[in-house]
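*Asks:* Position one of the sequence shown corresponds to residue 9 (this note's numbering), numbered consecutively onward.
Cβ atoms here follow ideal geometry from the backbone N, Cα and C, with glycine treated the same way.
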Amino acid sequence: MPGKPSAFIDTNIWLYALLDMGEAEKSSRAREVITQTEPVVSVQVINEICVNLIKKAGFTEEQISQLVEAFYEKYPIIEMDESILLDASQLRQEYALSFWDSMIVACALAADAEILYTEDMQDGLVIRETLKIKNPFFG
9 MPGKPSAFID TNIWLYALLD MGEAEKSSRA REVITQTEPV VSVQVINEIC
59 VNLIKKAGFT EEQISQLVEA FYEKYPIIEM DESILLDASQ LRQEYALSFW
109 DSMIVACALA ADAEILYTED MQDGLVIRET LKIKNPFFG
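Next up, the structure:
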């Protein structure tokens with residue numbers, strides 16, 4: 009039996025999994041994606057999750073610290089470096105991605121992820137013949 013696919017999980021997918029946003033189907037699907045893959049995240053994604061949890065759910069700094077520690081204990085975390093920043097610039101030129109989306113894609117590529125789960129980019133797009141963009145709520 010093959011192992012779970014390596015998947016970069018974008019911010020909104022995590023937020024659906026972590027918060028009751030009044031969208032039970034999306035929350036359930038987000039949790040399913042996380043448990044059925046080998047998730048990878050970036051510092052950018054963790055930052056975005058934390059900001060949203062503080063604003064939308066009133067998380068305390070203690071809760072944020074616990075969440076950050078949990079991410080680092082459970083998942084590979086991609087740190088930004090020069091090569092990722094330069095690759096993001098190239099990706100913006102190649103695929104007409106937004107600045108922030110290109111950073112996510114560059115991190116997913118750096119992690120050798122097979123899939124990038126997001127609802128913010130074109131479902132089905134394949135980046136450099138190795139990374140497939142999938143919207144887990146589409147179709």
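1) Kindly confirm or deny that the segment 54-71 and the segment 86-106 touch, where touching means at least three C-beta pairs closer than 8 Å.
2) If distances are taken between C-alpha atoms only, which option among Thr126, Ile135, Lys82 and Phe145 comes closest to Phe16?
3) Can you pull the DSSP bridge partners for Tyr125?
4) Curious, which full-length alpha helix (DSSP H) runs of at least 4 residues does the segment 35-67 contain?
5) The alpha helix (DSSP H) spanning Asp109 covers which residue range?
6) Pop quiz: Ile86 and Ser50 are said to be a contact at Cβ under 8 Å. What is the actual Cβ separation, rounded to whole angstroms?
7) Can you give the Cα-Cα distance for Phe79 and Arg39, rounded to whole angstroms?
8) For Gln130, count the other beta carbons within 10 Å of its own beta carbon; 16 or more makes it buried, fewer makes it exposed. Which is it?
9) How about the segment 111-121 and the segment 88-99: do they share at least three Cβ pairs that are nearer than 8 Å?
10) For Ala65, does the count of other Cβ atoms within 10 angstroms reach 16, so buried, or fall short, so exposed?
11) Can the beta-carbon of Trp108 be found less than 8 Å from the beta-carbon of Ile57?
12) Just curious, the alpha helix (DSSP H) that Leu75 is in, first and last residue?
*Replies:* Per the coordinate set shown:
1) By the Cβ test, the segment 54-71 is not in contact with the segment 86-106, since fewer than three Cβ pairs between them sit closer than 8 Å.
2) Closest option to Phe16, Cα to Cα, is Thr126.
3) Ile17 and Lys142.
4) Counting only runs that start and end inside the segment 35-67, the alpha helix (DSSP H) elements of at least 4 residues fall at 51-65.
5) Element bounds for Asp109: Phe107 to Ala118.
6) Yes, they are in contact, since the Cβ atoms of Ile86 and Ser50 sit about 4 Å apart, within 8 Å.
7) Cα to Cα, the separation comes out at about 15 Å.
8) Of the other Cβ atoms in all chains shown, fewer than 16 fall within 10 Å of the Cβ of Gln130; this residue is therefore exposed.
9) Contact between the segment 111-121 and the segment 88-99 is present, because at least three Cβ pairs lie under 8 Å.
10) Under the 10 Å beta carbon count, Ala65 is surrounded by fewer than 16 other beta carbons and is classified as exposed.
11) For Trp108 and Ile57, no; Cβs fall outside 8 Å.
12) Segment Glu69 to Lys82, the alpha helix (DSSP H) holding Leu75.
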